[in-house]
Amino acid sequence: MAISNPRVTLTYIKWALLVLALFAHTCNGFYLPGSYMHTYSKAQEIITKVNSLTSIETELPFSYYSLPYCKPPDGIKKSAENLGELLMGDEIENSAYRFKMNVNETLYLCTTHPLTEHDVKLLKQRTRDLYQVNMILDNLPAMRYAYQNGVKIQWTGFPVGYTPPNSKDDYIINHPPNSKDDYIINHLKFRVLIHEYEGSGVQIIGTGEEGPGVISEAEKKKASGYEIVGFEVYPCSVKYDPDTMKKKSMYQSIPAVNCPSELEKFQIIREQEKVSFTYEVEFVKSDIRWPSRWDAYLKMEGARVHWFSILNSLMVIFFLAGIVFVIFLRTVRRDLTRYEELDKESQAQMNEELSGWKLVVGDVFREPDSSKLLCVMVGDGVQITGMAVVTIIFAAFGFMSPASQGMLLTGMIILYLFLGIIAGYVAVRMWRTIKGTSEGWRSVSWFVACFFPGIVFLILTVLNFILWGSNSTGALPISLFFVLLPLWFCISVPLTLLGGFLGTRAEAIQFPVRTNQIPREIPVRKYPSWLLILGAGTLPFGTLFIELFFILSSIWLGRFYHVFGFLLIVLLLLVIVCAEVSVVLTYMHLCVEDWRWWWKAFFASGSVSLYVFLYSINYLVFDLQMRLSGPVSAILYLGYSLIMATAIMLSTGTIGFLMSFYFVHYLFSSVKID
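What the sequence shown shows, in mature numbering (1 follows the signal peptide of the UniProt record, and there is no 0), is residues -29 to -1, 1 to 645, in sequence order.
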């Protein structure tokens, strides 16, 4: 049908041009999801923010304003934080440090009151525990370059203070030696990298009353400005005359400050000292574009190590795949072919002579011990595995960038809540398959909804009381508990019950063979089966431990973990290894006439969690070198490691169990029994 209205035709042409313009500029208009570009005009005021003070020594975060630092003239204001930031102990607030875009200046900030005994004690303790001040500018953390053993390294944040080290090369990095004097960092040199933005590369589209159209060049220039692409800090300690500095007003310009190298010119931490804080800022134009500004933080070092980890995993997979191939094609297929070619009398006679898995045909699907617990753990394992896979896929494609602080943890929690429907479905359907009836499905669903979250809640509550006792910002506020509990009982529990209800409506999995009334006696073995189960866990751990080192380093050493592409590959390899290990071990138990394979199949791959927990302890002793000061830090470390190991056990155990269940079902469905 032809379009007779010329205005309608013109509208179609405009929309076609609009779509064409968008496609033409797609390659130049890509930014990390979850972040947006902020442009600043000349001399526009920029306010920096501060996060909690952190330390790799204690792992206990504290509020920035718990120390006698300068406060903003308009008061302290907390930034809106998402659920992940609150759970990680972040406390983001505005700071007194303010810049004017592309204006280099040196400014006086404030002079403290005479330091009290409490102030001195707190400053010395934070200094010797290597606490770092974490500043943020336009969502970029402050980066500091330092030297350790002659090697230039980069850190985020700067220290509260320092004790004079043994050599200048180890300035601010080494653990403070046994010295009574400590010095506070009271002068900061900021270097802000900026890129001049003129709207090039991104077509700006307007939709006014006259329809869609491209904004004119004059209007585009109004959107021009500067974008921040780097934020560096160079800290030092400078002793000022407090009486002279006290006469100055806040943000008053002062002469340029040269960082001294003599200890006598440093600002010492002691009672009745008045500490003056100053800072200077230098804006440097850079060719770095806004989408690439995180590259400096995410420099991937040790890529060869990641590839070595993947190749190591592939070797394990091919080795296990060879064993599975032999089991299926040479052993199982051969036996089934011989068995099916015989007539009934010959089969009956052969049954008397057979040994191995064919003899447990009447017991292999007998209900296992603690069947409800098994169904609950499998349901929770499906939920955790689904959460991990979806989260890592989204992170690998950039939808959870480091610019969105706390987004990774928030996304994991939301995914876990909504995957409760799948957990309830799988657990109840497995319960129906084992029991042959839907009776008790509500109890199973409730246990699924409360089992793993209950363990995590119990551990976090104990750790939270410890953090409260230490006055740490890492302690969850009471108000957050009133957010988490409704999320748990108003979203996760109802969805799990809904999934359980759907599981009762789904068709139960029918066992291919009948179960005898009297259980078959299991022959005595020379060695206990749990030794084989523990040994099986070493193979999945072999595919995981290298990547586990990088993950632990990012958590406990404050490094950015961003190689989610590698992590996704390792996760897929781990799933394959867990499935293969469990199938092989299940077949080995059936061959020795052990029909109690259910729990063994679960823990064959789930035992990798034991090695993960032991490796966490090894990391604490040798890599962290027991730097966590005091029992509180060690308890926190072990508590979080226990949560991680439990989640890994449920996830890997579920993968192995479901694959073994499919294997056993397929194996015995091929056997004809009258």
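A virtual CB, placed ideally from N, CA and C, is assigned to each residue, including glycine.
Using a Cβ-Cβ cut-off of 7 Å (strictly less than) and excluding sequence neighbours within five positions of residue 626, which residues of its own chain qualify?
On the sequence shown, residue 626 is found 655 positions in, with the first residue counted as 1. These residues qualify, in order along the chain: 356, 546, 549, 550, 576.
Please report how far the alpha carbon of residue 516 lies from the alpha carbon of residue 572, in whole angstroms.
For the purposes of this step, residue 516 is taken as the residue at position 545 of the sequence shown. For the purposes of this step, residue 572 is taken as the residue at position 601 of the sequence shown. Taking the straight line joining both Cα atoms gives about 22 Å.
Which residues does DSSP list as the beta-bridge partners of residue 21?
Along the sequence shown, read from residue 1 onward, the residue named residue 21 stands at position 50. 64, 106, per the DSSP bridge assignment.
By DSSP, does residue 513 sit in helix, in strand, or in coil?
Here residue 513 refers to the residue found at position 542 when the sequence shown is read from its first residue. In the structure shown, residue 513 sits in a helix (DSSP, three-state: H, G or I).
Buried or exposed for residue 168, please, with buried defined as at least 16 other CB atoms from any protein chain shown within 10 angstroms of its CB.
To locate residue 168, count along the sequence shown from 1; it is residue 197. Counting Cβ neighbours within 10 Å, residue 168 comes out buried, since at least 16 surround it.
Tell me the start and end of each unbroken alpha helix (DSSP H) in the stretch 534 to 602 that is at least 4 residues and wholly inside, in chain order.
535 to 562, 569 to 577, 579 to 589
Out of curiosity, what's the CA-to-CA distance linking residue 534 and residue 639?
Residue 534 sits at position 563 when you count from the first residue of the sequence shown. Residue 639 sits at position 668 when you count from the first residue of the sequence shown. Going from the Cα of residue 534 to the Cα of residue 639 covers about 43 Å.
Taking the alpha-carbon of residue 652 as reference, which of 249, 237, 238, 621 has the nearest alpha-carbon?
For the chain, the structure presents residues -29 to 645; residue 652 sits outside this window and is missing.
From what residue to what residue does the beta strand (DSSP E) around residue 168 run?
To locate residue 168, count along the sequence shown from 1; it is residue 197. That run of the beta strand (DSSP E) goes 158 to 168.
Pull the bridge partners of residue 207 from the DSSP assignment, please.
Within the sequence shown, numbered from 1, the residue matching residue 207 stands at position 236. 158.
Kindly indicate which residue of 107, 97, 80, 201 has the alpha-carbon position closest to the one of residue 216.
Here residue 216 corresponds to residue number 245 of the sequence shown, with the count starting at 1. The shortest Cα separation from residue 216 among 107, 97, 80, 201 belongs to 80.
Quick one: is residue 84 buried, meaning 16 or more other Cβ sit within 10 Å of its Cβ, or exposed?
As a working note, residue 84 is residue 113 in the sequence shown. Flag for residue 84 reads exposed.
Which same chain residues, not among the five before or five after residue 267, have their C-beta less than 6 Å away from its C-beta?
In the sequence shown, the residue the question calls residue 267 occupies position 296. Excluding residues within five positions, none has a Cβ falling inside 6 Å.
Out of 90, 162, 264, state which residue places its alpha-carbon closest to the alpha-carbon of residue 240.
What you label residue 240 is simply residue 269 of the sequence shown in a count that begins at 1. Comparing Cα positions, the closest option is 90.
Between residue 31 and residue 94, what straight-line distance do the alpha-carbon atoms span, to the nearest angstrom?
Walking along the sequence shown from the start, residue 31 turns up at place 60. Walking along the sequence shown from the start, residue 94 turns up at place 123. Their backbone Cα atoms lie some 15 Å apart in a straight line.
Take residue 631 as the anchor and find which of 123, 442, 503, 570 has the nearest alpha-carbon.
Your numbering for residue 631 matches position 660 in the sequence shown. If we check each option's Cα against that of residue 631, 570 comes out closest.
Going by C-alpha distance, which of 492, 361, 558, 57 is nearest residue 450?
The sequence position of residue 450 within the sequence shown is 479, counting from 1. Of the candidates 492, 361, 558, 57, the one whose C-alpha sits nearest the C-alpha of residue 450 is 57.
For the putative contact between residue 491 and residue 331, defined by C-beta atoms under 8 Å, what is the C-beta separation to the nearest angstrom?
To locate residue 491, count along the sequence shown from 1; it is residue 520. To locate residue 331, count along the sequence shown from 1; it is residue 360. That belief holds up - the Cβ atoms of residue 491 and residue 331 are roughly 6 Å apart, short of 8 Å.
Only counting the same chain, and skipping five residues up and downstream in sequence, which positions put a Cβ closer than 6 Å to that of residue 2?
Position 31 of the sequence shown, counting from 1, holds the residue named residue 2. Here the model assigns residue 2 a pLDDT of 38, short of 50, so the residue's position is not dependable, and the following value carries that caveat. Same-chain partners within the cutoff: 262.
Is residue 125 helix, strand or coil when you go by DSSP?
On the sequence shown, residue 125 is found 154 positions in, with the first residue counted as 1. DSSP places residue 125 in strand when its eight states are reduced to three.
If I measure Cβ to Cβ from residue 633 and keep anything under 6 Å in the same chain, skipping five residues before and after, which residues do I get?
Within the sequence shown, numbered from 1, the residue matching residue 633 stands at position 662. So the list is empty, once near-sequence residues are dropped.
Give the single residue among 350, 506, 245, 34 whose Cα lies nearest to the Cα of residue 418.
In the sequence shown, counting from the first residue as 1, residue 418 sits at position 447. Looking at the Cα atoms, 350 is the closest of the given residues.
Please list the terminal residues of the continuous alpha helix (DSSP H) segment that includes residue 88.
Counting from one through the sequence shown, the residue named residue 88 turns up at place 117. Residue 88 -> alpha helix (DSSP H) spans 88 to 99.
Tell me which same chain residues have a C-beta within less than 6 Å of the C-beta of residue 15, skipping the five on either side of it?
Taking the sequence shown and counting its residues from 1, the one referred to as residue 15 is at position 44. Counting only Cβ-Cβ distances below 6 Å, and skipping sequence neighbours, we find 72.
Taking residue 406 as part of the alpha helix (DSSP H), name the residues at either end of that continuous run.
In the sequence shown, counting from the first residue as 1, residue 406 sits at position 435. Unbroken alpha helix (DSSP H) run through residue 406: 391 to 406.
For residue 109 and residue 9, what's the separation of their Cα atoms in angstroms?
Sequence index remark: in the sequence shown, residue 109 carries index 138 (1-based). Sequence index remark: in the sequence shown, residue 9 carries index 38 (1-based). Cα to Cα, residue 109 sits roughly 8 Å from residue 9.
Does DSSP put residue 289 in a helix, in a strand, or in coil?
On the sequence shown, residue 289 is found 318 positions in, with the first residue counted as 1. Helix.
To the nearest whole angstrom, what separates the beta carbons of residue 87 and residue 133, a pair I think is in contact under 8 Å?
On the sequence shown, position 116 is the one that residue 87 refers to. On the sequence shown, position 162 is the one that residue 133 refers to. In fact, because the Cβ distance is near 21 Å, the residues do not count as touching under 8 Å.
Under the assumption that residue 247 contacts residue 82 (Cβ atoms under 8 Å), give the Cβ distance between them as a whole number of angstroms.
Counting from one through the sequence shown, the residue named residue 247 turns up at place 276. Counting from one through the sequence shown, the residue named residue 82 turns up at place 111. Contact flag correct, Cβ pair sits at about 4 Å.
Going by the beta-carbon positions, is the gap between residue 54 and residue 381 smaller than 7 Å?
Taking the first residue of the sequence shown as position 1, residue 54 is located at position 83. Taking the first residue of the sequence shown as position 1, residue 381 is located at position 410. Contact: yes.
For a test of the three-state rule: what should DSSP assign to residue 451, helix, strand or coil?
In the sequence shown, counting from the first residue as 1, residue 451 sits at position 480. Looking at residue 451 - three-state DSSP - the assignment turns out to be helix.
Thinking residue 486 and residue 336 are a contact (beta carbons under 8 Å), I'd like their distance in whole angstroms, please.
For the purposes of this step, residue 486 is taken as the residue at position 515 of the sequence shown. For the purposes of this step, residue 336 is taken as the residue at position 365 of the sequence shown. Going by Cβ atoms, the distance from residue 486 to residue 336 rounds to 6 Å, so yes, they are a contact pair.
Spatial neighbours of residue 396 within its chain, please: CB distance less than 6 Å, with the 5 preceding and 5 following residues excluded, ordered by chain position.
In the sequence shown, counting from the first residue as 1, residue 396 sits at position 425. Result list for residue 396: 470, 473, 474, in chain order.
May I ask which residues mark the beginning and end of the beta strand (DSSP E) holding residue 256?
Mapped onto the sequence shown, residue 256 falls at position 285. Looking at the DSSP string, the run of the beta strand (DSSP E) that includes residue 256 is 247 to 256.
Measure how close the beta-carbons of residue 253 and residue 162 come, nearest whole angstrom, since I'm counting them as under 8 Å.
Against the sequence shown, residue 253 aligns to sequence position 282. Against the sequence shown, residue 162 aligns to sequence position 191. Confirmed, Cβ separation roughly 5 Å.
To the nearest angstrom, report how far apart residue 459 and residue 521 are at their CA atoms.
Counted from its first residue, the sequence shown places residue 459 at position 488. Counted from its first residue, the sequence shown places residue 521 at position 550. Roughly 31 Å between the two C-alpha positions.
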